[in-house]
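Novice: Take this structure, written in structure tokens, and hold onto it; I'll ask about it next.
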Amino acid sequence: MSHQDRQLVEAVLANAPGAFERLVREHQALCWHIVYRMVRHPEDARDLCQEAFLRVHQHLRQYRYESSLKSWIGRVAYNVALRYLERKHVVVFDLGEGEDGLDPIENLADGFDLETAYADREMAARLHQAIEALPPLQRTVLTLYHLDELSIDEIAGITGLAAGTIKSHLFRTRLRLRQQLETAYGVSP
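Numbering that gives the first Met the number 0 numbers the first residue of the sequence shown as 0 and each following residue consecutively.
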């Protein structure tokens, strides 16, 4: 926890003018990325981000400085989106993923260079389409790791999943994307 985060939390708790607005400004992009990647509907995502920050405001006294403020707010946003998807009966992750016999993978080096594939225009369009088709949890974990460049530990703090589970999701999701691109489009990244 940074000294700046602690000062900001204390200012919000003391009702200092503009403190909560600053907290929202500093963390609204992360909140939007998490919620929108989970629900994929802009209007719902806006409402859910507002709900997430309302919850942050209501429960900030419960924040114990055990993780970064960013991770704690991300966790609130993730939980708000997850509850929304559960109420809508949306499948959050693919239950069939574990059937390939793979154990949680410690090494993510699977030969698929997501960043390079994303840099190529045509490949990026195909990859974006394949990512959008992923279940919400896999889509969110993958994009938080590769596009937002959050660490495994930060994603674990946000999702509440174990680091090994996140690594496994990343490995399997990347493998799934590579197979989809190779099969459906004849592309070999």
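Every residue, glycine too, gets a C-beta built ideally from N, C-alpha and C.
Any idea if L12 is buried or exposed, counting beta-carbon neighbours within 10 angstroms, 16 or more meaning buried?
Specialist: If you number the sequence shown from 1, residue 12 lands on position 13. Looking at its Cβ environment, which holds fewer than 16 other Cβ atoms inside 10 Å, L12 is exposed.
Novice: Just the Cα atoms here: how many angstroms apart are V75 and R60?
Specialist: Stepping through the sequence shown from its first residue, residue 75 is reached at position 76. Stepping through the sequence shown from its first residue, residue 60 is reached at position 61. Computed Cα separation, rounded: 14 Å.
Novice: Just curious, the alpha helix (DSSP H) that Y62 is in, first and last residue?
Specialist: On the sequence shown, residue 62 is found 63 positions in, with the first residue counted as 1. Note, Y62: premise wrong, no alpha helix (DSSP H); not H, not E.
Novice: State the Cα-Cα distance for the pair K166 and F19, rounded to the nearest angstrom.
Specialist: Here residue 166 refers to the residue found at position 167 when the sequence shown is read from its first residue. Here residue 19 refers to the residue found at position 20 when the sequence shown is read from its first residue. For K166 and F19, the distance between alpha carbons rounds to 34 Å.
Novice: Evaluate P16 with the Cβ neighbour count: other Cβ atoms within 10 Å of its Cβ, from every protein chain shown; 16 or more gives buried, anything less gives exposed.
Specialist: Looking up residue 16 in the sequence shown gives position 17. Burial call: exposed.
Novice: Considering Cα atoms alone, identify which of Y64, Q179, V23, V89 is closest to L136.
Specialist: Within the sequence shown, residue 136 is the residue found at index 137, counting from 1. For the residues Y64, Q179, V23, V89, the minimum Cα distance to L136 belongs to V89.
Novice: L169 and L141 - do their beta-carbons sit closer together than 9 Å?
Specialist: Within the sequence shown, residue 141 is the residue found at index 142, counting from 1. Within the sequence shown, residue 169 is the residue found at index 170, counting from 1. In contact: L141 and L169 (Cβ atoms closer than 9 Å).
Novice: Among the residues of its own chain, which have a CB less than 6 Å from the CB of F52, if the five just before and after it don't count?
Specialist: Here residue 52 refers to the residue found at position 53 of the sequence shown. Excluding positions up to five away in sequence, the list reads V23.
Novice: Here's the rule: buried if 16 or more other CB atoms are within 10 angstroms of the residue's CB, otherwise exposed. What is E98?
Specialist: Stepping through the sequence shown from its first residue, residue 98 is reached at position 99. Summary for E98: the model assigns pLDDT 38, below 50, so the residue's position carries little reliability; its value from the coordinates is reported in the next sentence. With fewer than 16 Cβ atoms within 10 Å of its Cβ, E98 is classed as exposed.
Novice: F92 to H2, Cα distance in whole Å?
Specialist: The count along the sequence shown starts at 1 and reaches residue 92 at position 93. The count along the sequence shown starts at 1 and reaches residue 2 at position 3. For the pair F92 and H2, the Cα-to-Cα distance works out to about 36 Å.
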